[in-house]
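Below: one structure, written as structure tokens.
Residue numbers (my numbering), protein chains in the order written: chain S, 10 to 128; chain D, 27 to 136.
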């Protein structure tokens, strides 16, 4: 399977615990995005990487959230001191970005998501 | 916060009928994209329409874009049970991120 993968698919944790999610994008994609989706809503942007550089962060990404993409390949999203309001589906997406010749492909390819439940 | 609104929030039709979903947005865009999400799964890209395009087709999908009204529509013709899903429009404002609407939940009845 050469699509975007996320691990774990489900995570149940107690309030106050730390959790970390992993995303493996499509291998040749240099752009990687994290979104959060709550029940009945569309995904909301959290942060975006171009290779290993984190170029944009939403104000939704409080100090308890941190994301990394150390080698420009996989990415991790960590939530410290989880709260019940953090319960959501966390989606990762990747896109090719700028191709040779300057063409920019803007379609995003999503992983299956990690569903977090904070009890 | 989310960019736009989708209408209707839920739609239920008979198999074989056409389904039309509408999306409105608030700011200037580079392009608008439609995605499908099956229950509890990730999103699948369906079609992208650029701001200088007015209509685009892909198989049974037809998308229109009216930038003067800041609105788009997605038409699915000859619907099938497998089309049952939530459909989201997403605007690309040139800042790399996508801004999604709240989605339309489509149910195709056999």
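Glycine included, C-beta positions come from ideal geometry on N, C-alpha and C.
Treat the numbers as computed from the prediction; the structure is a model and nothing was measured.
Classified as buried, residue 117 (chain S) has 16 or more neighbouring CB atoms from the shown chains inside 10 Å of its CB.
DSSP places residue 40 (chain D) inside the beta strand (DSSP E), whose first and last residues are 36–40. Close partners of residue 124 (chain D) in chain S (Cβ separation under 9 Å): 42, 44, 52, 54, 102, 115, 117.
By the C-beta density criterion, residue 21 (chain S) is exposed, having fewer than 16 other C-beta atoms within 10 angstroms.
Under the Cβ distance rule, residue 72 (chain D) does not count among the residues neighbouring chain S, no pair being separated by less than 7 Å. With respect to chain D, the C-beta atom of residue 122 (chain S) has a partner C-beta closer than 7 Å.
The three-state secondary structure of residue 16 (chain S), taken from DSSP, is strand.
The C-beta of residue 69 (chain D) comes closer than 7 Å to at least one C-beta of chain S. The alpha-carbon separation between residue 76 (chain D) and residue 106 (chain D) amounts to approximately 27 Å. Boundaries of the beta strand (DSSP E) harbouring residue 82 (chain D): 81–84, taken from the DSSP string. At least one beta carbon of chain S lies nearer than 7 Å to the beta carbon of residue 118 (chain D). The straight-line gap separating the alpha-carbon atoms of residue 14 (chain S) and residue 78 (chain S) is approximately 15 Å. Looking at the DSSP output, residue 92 (chain D) sits in a beta bridge with D:97. Contacts with chain S at 7 Å (Cβ-Cβ) include residue 127 (chain D). Residues of chain S whose Cβ lies closer than 9 Å to the Cβ of residue 59 (chain D) are, in chain order, 115, 116, 117.
In this structure, DSSP gives residue 128 (chain D) a state outside helix and strand, which the three-state scheme calls coil.
No Cβ-Cβ contact shorter than 7 Å links residue 127 (chain S) with residue 85 (chain S). About 4 Å separates the beta carbon of residue 69 (chain D) from that of residue 119 (chain S), a gap short enough to meet the 8 Å contact definition.
Note on residue 45 (chain S): 16 or more other CB atoms within 10 angstroms of its CB, so buried under the neighbour-count rule. Straight-line measurement puts the Cα of residue 125 (chain S) at about 7 Å from the Cα of residue 99 (chain S). If you ignore the 5 residues before and after residue 16 (chain S), its C-beta comes within less than 6 Å of the C-beta of 31, all in its own chain and listed in chain order.
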